[in-house]
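Undergrad: Each protein sequence line maps, in turn, to chains A and B. Offset between the first sequence (1-based) and the working numbering: plus 28. Offset between the second sequence (1-based) and the working numbering: plus 28.
2 protein chains.
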Amino acid sequence: MHAAQMAEEYPVIDLDSDAMDAARLLAEHRLPGILVTDANGAPHSVLPASQVVLFIVPKYVQDDPSLAGVLNESMCNQVANRLRGKKVRDVIPERLTKIPAAQADDNTVEVAALMARYKSPLIAVLDGKRLIGVITASRLLEVALNN
Amino acid sequence: MHAAQMAEEYPVIDLDSDAMDAARLLAEHRLPGILVTDANGAPHSVLPASQVVLFIVPKYVQDDPSLAGVLNESMCNQVANRLRGKKVRDVIPERLTKIPAAQADDNTVEVAALMARYKSPLIAVLDGKRLIGVITASRLLEVALNN
Chain A
29 MHAAQMAEEY PVIDLDSDAM DAARLLAEHR LPGILVTDAN GAPHSVLPAS QVVLFIVPKY
89 VQDDPSLAGV LNESMCNQVA NRLRGKKVRD VIPERLTKIP AAQADDNTVE VAALMARYKS
149 PLIAVLDGKR LIGVITASRL LEVALNN
Chain B
29 MHAAQMAEEY PVIDLDSDAM DAARLLAEHR LPGILVTDAN GAPHSVLPAS QVVLFIVPKY
89 VQDDPSLAGV LNESMCNQVA NRLRGKKVRD VIPERLTKIP AAQADDNTVE VAALMARYKS
149 PLIAVLDGKR LIGVITASRL LEVALNN
């Protein structure tokens, strides 16, 4: 099977979108991550939900996790405010700004090899430069097991 | 909100289960990962779908990804065979054998801090030693955004 046949639609968000919108998409669709595209619609990176969580944890709590236990409920409710006014590009760490891309006619093993090499749970599928979809690791397993 | 209220059921598999069963669960439910428990039912680790993909890519293809392009379709179909006879414990790398666990009465920020510290997309929730569920990063965002 070719990458183009395996590819599926996946929620996409622009680098310059509001970070809160990315968080809402992740929360509403209960996604482990979202595909981020640049101004030209080309795949730029994957924003994992866990990275957004990391972003909303105050620095002093990251430094001393025991402080979290003494926060009251209203302080807990304010964590999401840390996303306000931020763009998606502000939340993505430098090390995540590579997204592996397969070409439409790559075979199953090429896609698997790409995923393995980048240890990525998600790869983009391109037809030339045009993004035609995404293949997740679980989708690849589905294809591999049904053959 | 407490961790116990945030926790949800999540597919779980035993360390000594067939690795193929883990792959099937990941594929059928289209999960990014599955929770692995030890013989006592205690959370042991998370097995990411991308790790299973890494496992089924032959070593010679990992070493030279250009070889994948010359594999024919029937060779592609054999990749899943690499899981046969393997147990879940054989597929989990050493570095993934830690799963952060929250206690039932931990608050939202404590859960977020735990997730941030371990850069984990998933944490287990324990009532004492008993596993009562799992909180994913997207579930935590859902709770944080709705408060």
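For each residue, glycine too, the CB sits at the ideal point set by N, CA and C.
(1) Looking at LEU142/B: is its Cβ nearer than 8 Å to the Cβ of ALA130/B?
(2) Compare the Cα-Cα distances from GLU36/A to each of ALA144/A, ARG167/A and ILE120/A and report the closest residue.
(3) Mind checking whether ILE151/A and ILE160/A have CB atoms under 8 Å apart?
(4) Buried or exposed, going by whether 16 or more other CB atoms sit within 10 Å of the CB of ASN135/B?
(5) Are the beta-carbon atoms of VAL40/B and GLY61/B separated by less than 8 Å?
(6) At a cut of 8 Å, does the region 108-119 of chain B reach the region 79-87 of chain B through at least three beta carbon pairs?
(7) Anything in chain A within Cβ reach of VAL85/B, meaning under 9 Å, just list it in chain order.
(8) Quick one: Cα of PRO93/B to Cα of LYS147/A, how far?
(9) Measure the CB-CB distance between ASP66/A and LEU95/A and report whether it falls below 8 Å.
(10) In terms of residue numbering, what span does the beta strand (DSSP E) encompassing VAL85/B cover?
(11) What is the rounded straight-line gap between the Cα of ASP91/B and the Cα of ALA144/A?
(12) Could you pull out every unbroken alpha helix (DSSP H) segment of at least 4 residues lying fully inside the region 98-165 of chain A, listed in chain order?
(13) Measure the beta-carbon distance from VAL81/B to LEU169/A and round it to whole angstroms, keeping in mind my assumption that it falls under 8 Å.
(14) I'd like to know whether the C-beta atoms of HIS116/A and SER45/A end up nearer to each other than 8 Å.
(15) Cα separation between HIS57/A and ALA47/A?
(16) On the CB-based measure, 16 or more other CB atoms within 10 Å of its CB, does PRO149/B come out buried or exposed?
(17) Could you tell me the alpha carbon to alpha carbon distance between PRO128/A and LEU154/B, rounded to whole angstroms?
(18) To be precise: take each residue of the region 70-95 of chain B, compare its Cβ to all Cβ atoms of chain A, and keep it if any distance is under 7 Å. Which residues remain?
(19) Any beta-carbon of chain B closer than 8 Å to the one on ALA132/A?
(20) So for PRO71/A, helix, strand or coil by DSSP?
(21) Mind pulling the chain A residues with CB within less than 7 Å of LEU168/B?
(22) Is the separation between the beta-carbon of ALA77/A and that of ALA172/B shorter than 8 Å?
(23) Going by DSSP, name the residue or residues bridged to GLU36/A.
(24) List, in order along the chain, the chain B residues whose C-beta lies closer than 8 Å to that of GLY97/A?
(25) Going by alpha carbons, who is nearest to TYR38/A out of LYS114/A, PRO71/A and MET29/A?
(26) Starting from SER148/B, find everything on chain A with Cβ-Cβ shorter than 9 Å and list it in chain order.
(27) So, for ASP118/B: in the same chain, excluding its five sequence neighbours on each side, which residues have a beta-carbon less than 8 Å away from its beta-carbon?
(28) Who pairs with VAL64/B in a beta bridge, going by DSSP?
(29) Does the beta-carbon of VAL98/A have 16 or more other beta-carbons within 10 angstroms, so that it is buried, or is it exposed?
(30) Mind pulling the chain B residues with CB within less than 7 Å of ARG52/A?
TA: Put simply:
(1) yes
(2) ARG167/A
(3) no
(4) buried
(5) no
(6) yes
(7) VAL137, ALA140, ALA141, MET143, ALA144 and ARG145
(8) 14 Å
(9) no
(10) Looking at the DSSP string, VAL85/B is not in any beta strand (DSSP E), and its letter there is neither H nor E.
(11) 11 Å
(12) 101-105, 116-119 and 136-146
(13) 7 Å
(14) Checking the displayed sequence, the identity of residue 116/A turns out to be Val instead of His. Going by C-beta atoms, VAL116/A is nearer than 8 Å to SER45/A.
(15) 16 Å
(16) buried
(17) 36 Å
(18) PRO76, ALA77, SER78, VAL80, VAL81, LEU82, ILE84, VAL85, VAL89, GLN90 and PRO93
(19) no
(20) strand
(21) VAL81
(22) no
(23) VAL162/A
(24) ASP134, ASN135 and GLU138
(25) PRO71/A
(26) SER78
(27) ALA47
(28) ILE41/B and SER73/B
(29) exposed
(30) LEU173
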